[in-house]
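For the sequence shown, our numbering puts the final residue at 270, and the numbers step up evenly by one. Don't be surprised by glycine CBs; every beta carbon is placed ideally from N, CA and C. Single-structure report; data block below.
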Amino acid sequence: RKETIVPEDSSWVFLVGPIVAFGCYLIVPLLIPVLTTYGLPLGYMGDILGGGFVLALAGFAVSITSAESGAPYAQLGASRAMTFGALIEPTILFVVFAVAIITATDLPYALAATVRSSASEIVRPAHILAAIAFFLVVLADTGRIPVETHSGTLEFGMIDEGRVLEHSGAPYALLKWGSAMKQLILYTILIDVFVAPWGLAGDRRPGAVVLAIPALIGKACLLGCVFAVIDNSFSKLRLFKITEFLAAAFLLAALAVLVYYLGGG
């Protein structure tokens, strides 16, 4: 019931951007293993890279919306998000390369099946390096310590949170809801593709799918506890140090590819 306030100098993009971003977040779960080991009707129409592009489109829509507001802090947050995104996307690309060479496909269902097939797959050096790189990407992309204080109110240190400062009403609700969906999506990819792809429904019986829900919630809660420990154990990096953090994630992802080719792992 909150009123939607639109800046005087903004165009229709200001209101359409949150809808586009929210729509992107609805599409990605159709491409990844969330509750089932088999693909959904759209599950084989896109791979991990395609899902990454859809998430990037959502981030682009939010940044354009922030820039359209004309507010200095919102534009600053959008500029920072796009700058760091230029380092995050290559990392995701190399993670996808590592996945593709390990499984001979970049479909997330295939990688999850490969990890489930043998316990030795999860301890392969290339797989571990790719998983750590993606873990660092999740930290950065969800605005967590050490990249950003997720609940901070200091405008000068905001990145993702700064982009939504000028929104209100229903568009603001869509942006916050979409942000929570994005976090759960990244958690799910990390859990059900890289770390623990067990507990998923293996057949189409409704009972099996229902049982997979508490398994997903439990794994997500455990991962959330890990992030909570990190939040309370480290301090926020200075802004110019964030690039070094993201560069480390990129090097780990690139190293995963090199280890596979040169070390056979």
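Please confirm whether residue i and residue j have their CB atoms less than 8 Å apart.
i	j	result
Tyr265	Ile127	no
Ala103	Ala131	yes
Phe99	Phe255	yes
Ser173	Glu8	yes
Thr147	Gln80	no
Val198	Pro34	no
Ala117	Ala261	no
Ala63	Gly183	yes
Leu92	Thr248	yes
Gly44	Ile164	no
Leu242	Phe232	no
Ala175	Ile196	no
What three-state label does DSSP hand residue i in the structure shown?
i	result
Ala201	coil
Ala109	coil
Leu227	helix
Leu242	coil
Asp146	helix
Pro151	coil
Met186	helix
Going by alpha carbons, who is nearest to residue i out of the options?
i	options	result
Leu216	Phe140, Gly204, Ser68 and Ala124	Gly204
Thr110	Glu73, Ile53 and Ala220	Ile53
Ile97	Ile222, Ile137 and Pro38	Ile137
Phe19	Leu179, Leu47 and Gly207	Leu179
Ile190	Val59, Gly75 and Pro176	Val59
Gly212	Leu47, Gly167 and Leu40	Leu40
May I ask you to list the residues that DSSP assigns as paired with residue i?
i	result
Ala206	Thr41
Segments of 4+ residues assigned as alpha helix (DSSP H) that fall wholly inside the segment 34 to 82: 53 to 74
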